[in-house]
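Chains as they are written, first to last, in this note's numbering: chain V, 5 to 135; chain X, 7 to 416.
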């Protein structure tokens, strides 16, 4: 079963990995920062090695985003993201896991989960069982 | 020989060649890679150059050479390469060995048992089985499971590392573990079949071929374990379910429930083979869950029309199945049979205790909605179909469930 893991962040400056720039992270003692960064690296290595990681991208600053709408047949393009939220989608991972529990465990181990929020949602597929 | 014939031959020989190499060199991990390379070399060369006299000997020789090349090139493995080179007569490395071991059929079973080793996760067992025993390439397996090749390669290499770390060797498991390990193999074959069967037509065709591969591998296991009733049961189950493939989806990919399928489109040859197999197995073998599921599928297959289905017999079989393998999904199916025999209220009563375990599972809500619909309670049925549609992660199932809800909405 595939899941989309969405990393939301509200950074002072947009620079990946996002959690490294988060003010709450920067306020941590040096040793804790190093430990959190190490955990992030270890998690990434783990899901690569296990064959669970399918895809992952880091997104550019929402300031570079453009949003398209077509109204009455006329396109209206605006600068900036669609959602005017404080927290923005910073990147995503697609993982293929045996259970939703495992996908949620992966999500909660991203350092970003301690600072911003990480959402996990199942990806739909074309396979189906007749009833 | 056509390219297709050559592919079939190569995939039949793949596990035997791998077994011969593992016997000779002991290194499963490296041998498996070498056999893949030899298979690719043969697939490139044989269609134009013709088949060698001894295809298996050719493959063993080429794979051995790849393996020794690899050992030699690895600095760290220098000593080992010397040991192999010293222990292997020179002509064995360059020509088909005259005394090529006849790879025993049992080797294929040992290989399957190794690929389905309990130290591996199910996705790793599936990937390794398809490659090492099925002779599929990593790219083909990745395509069938809709993941990038690098992800699948990682699963295979991790599986091999786990086997190595667990200390498992290329020997049949001890008699005490044999039955359980064989069950694990059957479960993996069942999972492969199911991946392919639930795939719809169209863009998922490559996935659909997994059913054929699962049936082929299960046939192989049946040849090796002809007295095992569960192997025969699993094969019969696959044949009987596969027979419905053409009828289970509409041309647009929409799902057709069993009761509404055009039964003239069921494949008669598969049904006949499946029924014959389960009929001759049931009286003589020790009963088990695959045989019972096959028997249920056979009762459905024997009904010319949905309304001719022998539901009391199906209910009896589900009750036996529940004794063997008590789990909420079996109870869910049993509730449908109970409803068909004793009425929807009786089926609904059976579902009541499942809420604890299955409340987040779309199938519980779908079955409950179906039974409410049978009972004439359309309001509850619509609510159930909608909940089920929300919970499923399958697009065709969601469309089907939404259509069920819409049909009952005034």
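Virtual Cβ for every residue (Gly too), placed ideally from N, Cα, C. Every value quoted in this text rests on a predicted model; they were computed, and no experiment measured them.
From the DSSP output, read off the bridge partner residues of residue 60 of chain V.
Translated into the one-based positions of the first chain, residue 60 of chain V becomes position 56. According to DSSP, residue 60 of chain V bridges with V/97.
What residue does the alpha helix (DSSP H) around residue 13 of chain V start on, and which one ends it?
By one-based count along the first chain, residue 13 of chain V stands at place 9. Here residue 13 of chain V belongs to no alpha helix (DSSP H); instead the beta strand (DSSP E) covers 6–13.
If you run the structure through DSSP and keep just helix, strand and coil, what is residue 188 of chain X?
On the second chain, residue 188 of chain X is found 182 positions in, with the first residue counted as 1. Residue 188 of chain X falls in the helix class under three-state DSSP.
Please name the residue, chosen from V/97, V/102, V/69, V/99, that lies closest to residue 86 of chain V on a Cα-to-Cα basis.
Indexing the first chain from 1 puts residue 86 of chain V at position 82. Among V/97, V/102, V/69, V/99, the Cα nearest to that of residue 86 of chain V is on V/69.
Can you pull the chain V residues whose beta carbon is under 7 Å from the beta carbon of residue 324 of chain X, in chain order?
Within the second chain, numbered from 1, the residue matching residue 324 of chain X stands at position 318. Ordered by position in chain V, no residue passes the 7 Å Cβ test against residue 324 of chain X, which lies about 16 Å from the chain.
Can you give the Cα-Cα distance for residue 327 of chain X and residue 362 of chain X, rounded to whole angstroms?
As a working note, residue 327 of chain X is residue 321 in the second chain. As a working note, residue 362 of chain X is residue 356 in the second chain. Distance between the alpha carbons of residue 327 of chain X and residue 362 of chain X: 21 Å.
So, for residue 408 of chain X: in the same chain, excluding its five sequence neighbours on each side, which residues have a beta-carbon less than 6 Å away from its beta-carbon?
The sequence position of residue 408 of chain X within the second chain is 402, counting from 1. Here the set comprises 395.
Figure out for me which residue from X/8, X/60, X/66, X/190 has the closest Cα to the Cα of residue 53 of chain X.
Reading the second chain from its first residue, position 47 is the one you call residue 53 of chain X. If we check each option's Cα against that of residue 53 of chain X, X/8 comes out closest.
What's the C-alpha gap between residue 377 of chain X and residue 349 of chain X?
Within the second chain, residue 377 of chain X is the residue found at index 371, counting from 1. Within the second chain, residue 349 of chain X is the residue found at index 343, counting from 1. Spanning the two alpha carbons is a distance of roughly 9 Å.
May I have the straight-line CA-CA distance separating residue 79 of chain X from residue 96 of chain V, to the nearest angstrom?
Translated into the one-based positions of the second chain, residue 79 of chain X becomes position 73. Translated into the one-based positions of the first chain, residue 96 of chain V becomes position 92. The straight-line gap from Cα to Cα measures roughly 40 Å.
Can you pull the chain V residues whose beta carbon is under 8 Å from the beta carbon of residue 161 of chain X, in chain order?
As a first step, residue 161 of chain X is located in the second chain; it is residue number 155 there, counting from the start. Per Cβ cutoff of 8 Å: 54, 55.
Using 8 Å for Cβ pairs, my map puts residue 40 of chain X next to residue 27 of chain X. What's the rounded Cβ distance?
Taking the first residue of the second chain as position 1, residue 40 of chain X is located at position 34. Taking the first residue of the second chain as position 1, residue 27 of chain X is located at position 21. Their Cβ separation, rounded to whole angstroms, is 7 Å, which keeps residue 40 of chain X and residue 27 of chain X in contact under 8 Å.
Go through the region 283–327 of chain X residue by residue and report every complete run of the alpha helix (DSSP H) that reaches 4 residues or more, in order.
295–308
When the cut-off is 8 Å and only beta carbons count, does residue 157 of chain X lie next to chain B?
Of the chains in the structure shown, none is chain B; the protein chains are V and X.
For residue 117 of chain V, which residues of its own chain have a beta-carbon under 8 Å away from its beta-carbon, when the five flanking residues on both sides are left out?
Residue numbering aside, residue 117 of chain V sits at position 113 when the first chain is read from its first letter. For residue 117 of chain V, where only same-chain residues beyond five positions count, the Cβ hits under 8 Å are 111.
With a threshold of 6 Å on Cβ separation, who are the neighbours of residue 320 of chain X within its own chain once the five nearest residues in sequence on each side are excluded?
As a first step, residue 320 of chain X must be located in the second chain, where it is residue number 314. Within the same chain, residue 320 of chain X has close Cβ partners 302, 305, 343.
If I follow the unbroken beta strand (DSSP E) through residue 75 of chain V, where does it start and stop?
Working through the first chain from its first residue, we reach residue 75 of chain V at position 71. It spans 70–75 - the beta strand (DSSP E) in which residue 75 of chain V sits, taken as one unbroken run.
Just to confirm my understanding: we take residue 17 of chain X, look at its own chain, exclude 5 residues before and 5 after, and list those with CB closer than 7 Å. What are they?
In the second chain, the residue the question calls residue 17 of chain X occupies position 11. So the list reads 140, 141, once near-sequence residues are dropped.
Specify the secondary structure class of residue 259 of chain X as computed by DSSP and reduced to three states.
Reading the second chain from its first residue, position 253 is the one you call residue 259 of chain X. Coil.
Taking 8 Å as the CB-CB cut-off, is residue 127 of chain X touching chain V?
The residue labelled residue 127 of chain X in the question sits at position 121 within the second chain. Interface residue, yes.
Please report how far the alpha carbon of residue 182 of chain X lies from the alpha carbon of residue 286 of chain X, in whole angstroms.
What you label residue 182 of chain X is simply residue 176 of the second chain in a count that begins at 1. What you label residue 286 of chain X is simply residue 280 of the second chain in a count that begins at 1. For residue 182 of chain X and residue 286 of chain X, the distance between alpha carbons rounds to 28 Å.
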